[in-house]
Amino acid sequence: MSKVRTRFAPSPTGRMHVGNLRTALYAYLVAKHEGGDFILRIEDTDQERLVEGAVDIIYRTLAATGLIHDEGPDKDKGVGPYVQSERQAQGIYLEYAKQLVEKGEAYYCFCDEERLAECKQVIGDKEISIYDKHCLSLSKEEVEANLAAGKPYVIRQNNPRTGTTTFVDELYGDITVDNAELDDMILIKSDGYPTYNFANVVDDHLMGITHVVRGNEYISSSPKYNRLYEAFGWEVPKYIHCPLITNEEHQKLSKRSGHSSYEDLIDQGFLTEAVVNFVALLGWSPENDNEIFSLEELVKEFDYHRISKSPAVFDITKLKWMNGEYMKAMDFDKFYEMALPYLKEYIKSDVDLKKIAKMVQTRIEIFPDIKDHVDFFDAVPEYDSAMYTHKKMKTNEESSLAVLKELLPVLEAQDDYSNDALYALLSGFAAEHEYKNGYVLWPVRTAVSGKQMTPGGATELMEILGKEESIKRIKAAIEKLSN
RNA sequence: GGUUCCUUGGUCAAGCGGUUAAGACGUCGCCCUCUCACGGCGAAAACAGCGGUUCGAUUCCGCUAGGAACUGCCA
Numbered sequence: 001m002s003k004v005r006t007r008f009a010p011s012p013t014g015r016m017h018v019g020n021l022r023t024a025l026y027a028y029l030v031a032k033h034e035g036g037d038f039i040l041r042i043e044d045t046d047q048e049r050l051v052e053g054a055v056d057i058i059y060r061t062l063a064a065t066g067l068i069h070d071e072g073p074d075k076d077k078g079v080g081p082y083v084q085s086e087r088q089a090q091g092i093y094l095e096y097a098k099q100l101v102e103k104g105e106a107y108y109c110f111c112d113e114e115r116l117a118e119c120k121q122v123i124g125d126k127e128i129s130i131y132d133k134h135c136l137s138l139s140k141e142e143v144e145a146n147l148a149a150g151k152p153y154v155i156r157q158n159n160p161r162t163g164t165t166t167f168v169d170e171l172y173g174d175i176t177v178d179n180a181e182l183d184d185m186i187l188i189k190s191d192g193y194p195t196y197n198f199a200n201v202v203d204d205h206l207m208g209i210t211h212v213v214r215g216n217e218y219i220s221s222s223p224k225y226n227r228l229y230e231a232f233g234w235e236v237p238k239y240i241h242c243p244l245i246t247n248e249e250h251q252k253l254s255k256r257s258g259h260s261s262y263e264d265l266i267d268q269g270f271l272t273e274a275v276v277n278f279v280a281l282l283g284w285s286p287e288n289d290n291e292i293f294s295l296e297e298l299v300k301e302f303d304y305h306r307i308s309k310s311p312a313v314f315d316i317t318k319l320k321w322m323n324g325e326y327m328k329a330m331d332f333d334k335f336y337e338m339a340l341p342y343l344k345e346y347i348k349s350d351v352d353l354k355k356i357a358k359m360v361q362t363r364i365e366i367f368p369d370i371k372d373h374v375d376f377f378d379a380v381p382e383y384d385s386a387m388y389t390h391k392k393m394k395t396n397e398e399s400s401l402a403v404l405k406e407l408l409p410v411l412e413a414q415d416d417y418s419n420d421a422l423y424a425l426l427s428g429f430a431a432e433h434e435y436k437n438g439y440v441l442w443p444v445r446t447a448v449s450g451k452q453m454t455p456g457g458a459t460e461l462m463e464i465l466g467k468e469e470s471i472k473r474i475k476a477a478i479e480k481l482s483n
């Protein structure tokens, strides 16, 4: 058994789509589970779709997610270059295409747009075109003459019209199609660049890729790739086609969903580890029912035979839950560091942000959730006094006013505003008056926060607010309730 | 339209001929509790339909329906 080699071969066209991220993850895991190599190859053969900076995004994303490649443009281990435009410049693809022409497996095509338009037909609302092998009949002399005249050309694969072609997918098994379905796809474009279809096969072979991990959308063109391998006499790699990731409407995840890329998710306050974990489980499940996996654990557990065949909906709600799990499990210092920018954005007053971070850590799923938890620290928001009425606490506006009035001098006399001291004070006060704790703590918490729910209890909040601010807020509440 | 693939609760999914059809998210209820959250316990919720094969089908086969992908000088 030779060493497993997989590759991730993205096009530098923008952000990292979550489908691509998962493909990269699976390719990485297939290799690493077997102690193999993971290779990065940049497929920039479409010069028109290139986006500046997109290659950097690819590098950054792989580094951030921990999908470290063993070989790539920046780490040549002898089968480079790892960027297709550079390989093109070396003439690699044209050379191999010519070999195919020699064998009669491919041919030059000089058809222009006008000629090609004749092959098009509209069925329903779709336009389809099947090339009619028009240029296959050109004699060698005619081809030479056209070439010499500098006529633009493409090189097409010459597929048979009869018989069938079968390829094997590790997950889907044997897939057979009629050769009549196989269009004579273009191998070399008129600008001299290879198409994905051709460059992929040539490079995967030249780079010694043993397992081709890619999206499901390539499954229908795989028979044509197989014919290429056979035409060259090359060994066909193992294919692993991953199921699609869809939106809630069961359609291809698009930019419009707002969370279609890894970078979108990070912008929205998700943690890299959670995104990787979540995406791993979209189309794959472990033998046990564990759901929280670090990348290292995934490497150990990942058996690609357990990848499922049906498409999976990207459920942002479950991702949020998972993110929350990572938030809670995170080392506090690290959490504090990451939460700080958010805390500072929503809290301008001089309070102990570390304490607030601690309160908030078990209550948020993504960082932006912090806002709703802390927006009362700077100032009590406008609120309805009806909030003082709480059935379970047996409180209402009148009882709250009475309690707060009674409590005010007690709180003014208190100097130790630590949570423990305050709690002892208030529960002592309640016991003394034969009140239930909630009967006094509910109005205090409401007075001090103006909110239905807060990241901590009344006394915890007062510890952070401090004596002066707490008293001020209680007084304001008495004022409000008195009107 | 053609080709190929897919089909277990709302979602992710286990299952690979005999099960009370796991587990998770979400939802709902209860407990804990100075609110909320965390945590604990529990509930509702699924084999697309129809035919075969079989002593026995969620599991195998076929058909139907639904969905998706491909059908580019994009990948």
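Our numbering numbers the first residue of the first sequence as 1 and each following residue consecutively. Just so it is clear, CB atoms sit at the ideal spot from N, CA and C, and this is done for glycine as well.
**Study point:** Neighbour-count burial assignment, residue 130, 16 or more Cβ in a 10 Å radius
**Key:** exposed
Point to revise | Between the CA atoms of residue 292 and residue 422 - distance to the nearest angstrom | key: 39 Å
Check your understanding: Roughly how many angstroms separate the alpha carbons of residue 347 and residue 376, rounded to a whole number?
Key -> 9 Å
Practice item. Give me the Cα-Cα distance between residue 447 and residue 476, rounded to the nearest whole angstrom. Key: 8 Å
Review point. Under a three-way DSSP split, which group does residue 234 fall into?
Key: coil
Check your understanding: If we count Cβ pairs, one from each stretch, closer than 8 Å, do we get three or more for the stretch 239 to 247 versus the stretch 270 to 283?
Key -> With the rule of 3 Cβ pairs closer than 8 Å, the stretch 239 to 247 counts as touching the stretch 270 to 283.
Exercise for review: Give the DSSP-derived three-state secondary structure of residue 464 in the structure shown.
Suggested key: helix
**Study point:** Test item: CB-CB of residue 32 and residue 302 under 9 Å
**Key:** yes
Review point. Where residue 441 and residue 460 are concerned, what is the direct C-alpha to C-alpha distance, given to the nearest angstrom?
Key: 11 Å
Review point. Which same chain residues, not among the five before or five after residue 276, have their C-beta less than 7 Å away from its C-beta?
Key: 25, 65 and 295
Practice item. Excluding the 5 residues preceding and the 5 following residue 480 in the sequence, name in chain order all residues of the same chain whose CB lies nearer than 7 Å to its CB. Key: 385
Review point. Closest to residue 248 by CA distance: which of 91, 330 and 317 is it?
Key: 317
Exercise for review: Please report the residue range of the beta strand (DSSP E) in which residue 446 lies.
Suggested key: Premise fails: residue 446 lies in the alpha helix (DSSP H), 437 to 449, not in any beta strand (DSSP E).
Review point. Going by Cα to Cα distance, which pick from 207, 10, 452 and 435 is closest to residue 215?
Key: The shortest Cα separation from residue 215 among 207, 10, 452 and 435 belongs to 10.
Point to revise | Closest Cα partner of residue 139 within the set 48, 393, 437 and 109 | key: 109
Review point. Measuring CA to CA, which of 450, 466 and 445 is closest to residue 456?
Key: 445
**Study point:** Whether residue 367 touches residue 319 by CB criterion (9 Å)
**Key:** No; because the gap between Cβ atoms is not below 9 Å, this pair is not in contact.
Check your understanding: In chain order, what residues of the same chain lie with their CB nearer than 8 Å to the CB of residue 83, ignoring the 5 residues before and after it?
Key -> 41, 42, 44 and 73
Point to revise | Run of the alpha helix (DSSP H) containing residue 85, from where it starts to where it stops | key: 84 to 89
Check your understanding: Who are the Cβ neighbours of residue 309 in its own chain at under 7 Å, not counting the five residues just before and after it?
Key -> 171, 172 and 243
Exercise for review: For the stretch 189 to 222, list the alpha helix (DSSP H) runs that are entirely contained and at least 4 residues long, ordered along the chain.
Suggested key: Listed in chain order, the complete alpha helix (DSSP H) runs (minimum 4 residues) inside the stretch 189 to 222 are 196 to 206.
**Study point:** Three-pair Cβ contact test at 8 Å for the stretch 317 to 337 versus the stretch 167 to 187
**Key:** no
Check your understanding: Are residue 349 and residue 17 close, meaning C-beta to C-beta below 9 Å?
Key -> No, these two residues do not count as a Cβ contact at 9 Å.
**Study point:** Supposed close pair residue 370, residue 336 - CB separation, criterion 8 Å
**Key:** In fact, because the Cβ distance is near 12 Å, the residues do not count as touching under 8 Å.
Check your understanding: Which stretch, first to last residue, makes up the alpha helix (DSSP H) that contains residue 317?
Key -> 316 to 329
Check your understanding: Over what stretch of residues does the alpha helix (DSSP H) that includes residue 360 continue unbroken?
Key -> Unbroken alpha helix (DSSP H) run through residue 360: 353 to 361.
Exercise for review: Assign residue 268 to one of three DSSP states: helix, strand, or coil.
Suggested key: Under the three-state reduction of DSSP output, residue 268 falls in the coil class, being neither helix nor strand.
Exercise for review: Drop a sphere of 10 angstroms on the beta-carbon of residue 462, count the other beta-carbons inside from all chains shown, and report buried for 16 or more, exposed for fewer.
Suggested key: buried
Practice item. Taking residue 108 as part of the beta strand (DSSP E), name the residues at either end of that continuous run. Key: 106 to 109
**Study point:** Sequence-distant residues of the same chain with beta carbon closer than 6 Å to residue 502, five excluded per side
**Key:** The requested residue 502 does not occur in the structure, where the chain is confined to residues 1 to 483.
Review point. Under 9 Å between the Cβ atoms of residue 197 and residue 221?
Key: yes
Exercise for review: Find the nearest neighbour of residue 458 within the set 411, 433, 483 and 176, judged by alpha-carbon distance.
Suggested key: 411
Check your understanding: How would you label residue 452, buried or exposed, when you count the other beta carbons within 10 angstroms and need 16 or more for buried?
Key -> exposed
**Study point:** DSSP beta-bridge partners of residue 40
**Key:** Partner(s): 8.
Review point. Just curious, the alpha helix (DSSP H) that residue 56 is in, first and last residue?
Key: 54 to 65
Review point. Using a Cβ-Cβ cut-off of 7 Å (strictly less than) and excluding sequence neighbours within five positions of residue 37, which residues of its own chain qualify?
Key: The beta carbon of residue 37 sits closer than 7 Å to those of 3, 5, 31, 70 and 71, all from its chain and outside the five residues before and after it, given in chain order.
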